[in-house]
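Asker: Can you read through this structure? Questions will come right after.
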Amino acid sequence: MSDEFAPALLTINGAIAEVRLNRPKALNAINVEMAIALRDIFAELAQNTEVRAVILRGEGRVFMAGGDLNYFREASDKHAAAVALIEPIHEAVSLMASLPQIVIACLHGAVAGAGMSLAMAADLAVAEQGTVFNMAYAKVGNSPDCSGSWSLPRLVGVRRALEIALLSDDLSAEQALDLGLINRLADKQEHDVEARKLAERIVASSPAAMTNIKKLMRQSHDNNLSQQLNAEAEAFATTAAGENFSEALEAFFERRKPVFRGL
7 MSDEFAPALL TINGAIAEVR LNRPKALNAI NVEMAIALRD IFAELAQNTE VRAVILRGEG
67 RVFMAGGDLN YFREASDKHA AAVALIEPIH EAVSLMASLP QIVIACLHGA VAGAGMSLAM
127 AADLAVAEQG TVFNMAYAKV GNSPDCSGSW SLPRLVGVRR ALEIALLSDD LSAEQALDLG
187 LINRLADKQE HDVEARKLAE RIVASSPAAM TNIKKLMRQS HDNNLSQQLN AEAEAFATTA
247 AGENFSEALE AFFERRKPVF RGL
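Offset between the sequence shown (1-based) and the working numbering: plus 6.
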């Protein structure tokens, strides 16, 4: 299979990587091949010390319409089919969440089911006007995967999360912004530009600071106050000993922009 026909594609341009969901004819629905491809891509990015920001986007008319329902419909053993799909995509989500780089979801069209779960698992999210969000799992008689049940209540609270998941009503991009499901609402066909602007701002910042902020925020729900204070102290002291902190201090007092290096 040539790269252009792979179910997920990775391109790297300097310090910014782009991960593209590449099943546009199937509305980028996740199948086993895409799950494995995403897992392998995020594993590769985890070892990349040059990339500082990752943009996750979908080819074609939508970001992602969810899981591949035809895959399940045709499976004689649906339990085995579910395991075969969920294992690699859950590995992919776990890898993405733990990447040292900041992941920005670039959303358009439909963001449904596993697509919504994947978008919520990213660190930041941009959507164009007209984007429609729907958890959708209840519509096909099942429950969330891809960390949807973990991310949604953390973003919107348990009561609102239950409403969104149980009723599976469409949410507009404006509603998603109000709920905190996305960070930016872009004009039509400008979501790529807005996501790139965010990525460039991340790349221009201290790599250690970006990585530590992501790590601290993501682990905070699992720590008590004492544990989080210890984690903050360790991260701050370690970063303070690095050259980028010294560069930031000098730039501040010299009234210039700092020049950061490394990851």
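Quick reminder that beta carbons are idealized off the backbone N, C-alpha and C, glycines included. As the structure is a prediction and not an experimental result, all values here were calculated from the model.
Helix, strand or coil: which one does DSSP assign to Arg190?
Answerer: Note: Arg190 maps to strand in three-state DSSP.
Asker: Return helix, strand or coil for Phe78, following the three-state DSSP convention.
Answerer: Looking at Phe78 - three-state DSSP - the assignment turns out to be helix.
Asker: Tell me, please, whether the stretch 233–242 touches the stretch 148–159 by the rule of three or more beta-carbon pairs shorter than 8 Å.
Answerer: No, because fewer than three Cβ pairs between the stretch 233–242 and the stretch 148–159 fall closer than 8 Å, the two stretches do not touch.
Asker: Tell me whether Lys263 sits in a helix, a strand or coil according to DSSP, three-state version.
Answerer: Reduced to three states, the DSSP call for Lys263 is coil.
Asker: So which of Leu130, Ser212, Gly121, Pro106 has the shortest CA-CA distance to Tyr143?
Answerer: Ranking Leu130, Ser212, Gly121, Pro106 by Cα distance to Tyr143 puts Gly121 first.
Asker: Could you name the residues of the same chain whose beta carbon sits closer than 6 Å to that of Ala111, not counting the 5 residues immediately before and after it, in chain order?
Answerer: If we look at Ala111 and ignore the five residues flanking it on each side, its Cβ neighbours are Leu62, Ala125, Ala128, Ala131.
Asker: Excluding five sequence neighbours on each side, which residues of the same chain lie with their C-beta closer than 8 Å to the C-beta of Met7?
Answerer: Because the pLDDT at Met7 is just 42, under 50, the model does not fix this residue reliably, and the value given afterwards should be weighed accordingly. Correct list: empty, nothing qualifies.
Asker: Under 8 Å between the Cβ atoms of Val60 and Val25?
Answerer: It is a contact, given that the beta carbons lie within the stated cut-off.
Asker: Hey, Arg29 and Ala35 are a contact pair by Cβ (cut 8 Å); roughly how many whole angstroms apart?
Answerer: With a Cβ gap of about 6 Å, Arg29 and Ala35 count as contacting.
Asker: Just checking, does the stretch 166–176 make contact with the stretch 72–83 on the three C-beta pairs under 8 Å criterion?
Answerer: Result no; under three Cβ-Cβ pairs closer than 8 Å.
Asker: Give a yes or no on contact between the stretch 149–168 and the stretch 94–105, applying the rule of three or more CB pairs nearer than 8 Å.
Answerer: Yes, the stretch 149–168 touches the stretch 94–105.
Asker: Would you check if the distance between the CB atom of Leu101 and the CB atom of Ala49 is smaller than 8 Å?
Answerer: Yes. Within cutoff.
Asker: What would DSSP say about Met141, mapped onto helix, strand or coil?
Answerer: Here Met141 sits in coil by DSSP.
Asker: Between Ala210, Asp198, Gly163, which lies nearest to Arg58 when the distance is taken from Cα to Cα?
Answerer: If we check each option's Cα against that of Arg58, Ala210 comes out closest.
Asker: Can you give me the Cβ contacts of Ala12 inside the same chain, cut-off strictly under 7 Å, excluding the 5 residues immediately before and after it?
Answerer: The residues are Asn28, Ala43.
Asker: Going by the beta-carbon positions, is the gap between Glu187 and Arg166 smaller than 8 Å?
Answerer: Sequence check: residue 187 is Leu here, not Glu. No, they are not a contact pair.
Asker: Counting only the same chain and skipping the five closest in sequence on each side, list residues whose C-beta sits under 7 Å from that of Glu200.
Answerer: Excluding positions up to five away in sequence, the list reads Val132, Arg190, Ala192.
Asker: As a quick exercise: from Ile108, Pro106, Ser104, Gly136, pick the residue whose alpha carbon is nearest that of Val117.
Answerer: Taking only the C-alpha atoms, the option nearest Val117 is Gly136.
Asker: What is the C-beta distance between Ala243 and Ser212, in whole angstroms, given that I count them as a contact (C-beta under 8 Å)?
Answerer: Wrong, their Cβ atoms sit about 15 Å apart, outside the cutoff.
Asker: Given that a residue counts as buried once 16 or more other Cβ atoms are within 10 Å of its Cβ, and exposed if not, what is Val10?
Answerer: Before going further, note that residue 10 is Glu rather than Val in the sequence given. Exposed, by the Cβ-count rule.
Asker: What residue from Ile219, Ala87, Ile108 has the CA that sits closest to Thr245's CA?
Answerer: For Thr245, the nearest C-alpha among the options comes from Ile219.
Asker: Taking the beta carbon of Glu134 as the centre, do at least 16 other beta carbons fall within 10 Å, making it buried, or is it exposed?
Answerer: Buried is the call here.
Asker: Nearest to Asn19 by CA position, among Ala205, Glu65, Glu196, is which residue?
Answerer: Checking every option, the nearest Cα to that of Asn19 belongs to Ala205.
Asker: Given Lys145, which residues of its chain have a CB within under 6 Å of its CB, disregarding the five upstream and five downstream residues?
Answerer: The answer, listed in chain order, is Ser174.
Asker: Sort Val89, Asn250, Thr55 by Cα distance to Ala41 and report the nearest one.
Answerer: Selected option, being the one with the closest Cα: Val89.
Asker: Within 8 Å (strictly less), CB to CB, does Glu200 reach chain B?
Answerer: Here there is only one protein chain, and chain B is not present.
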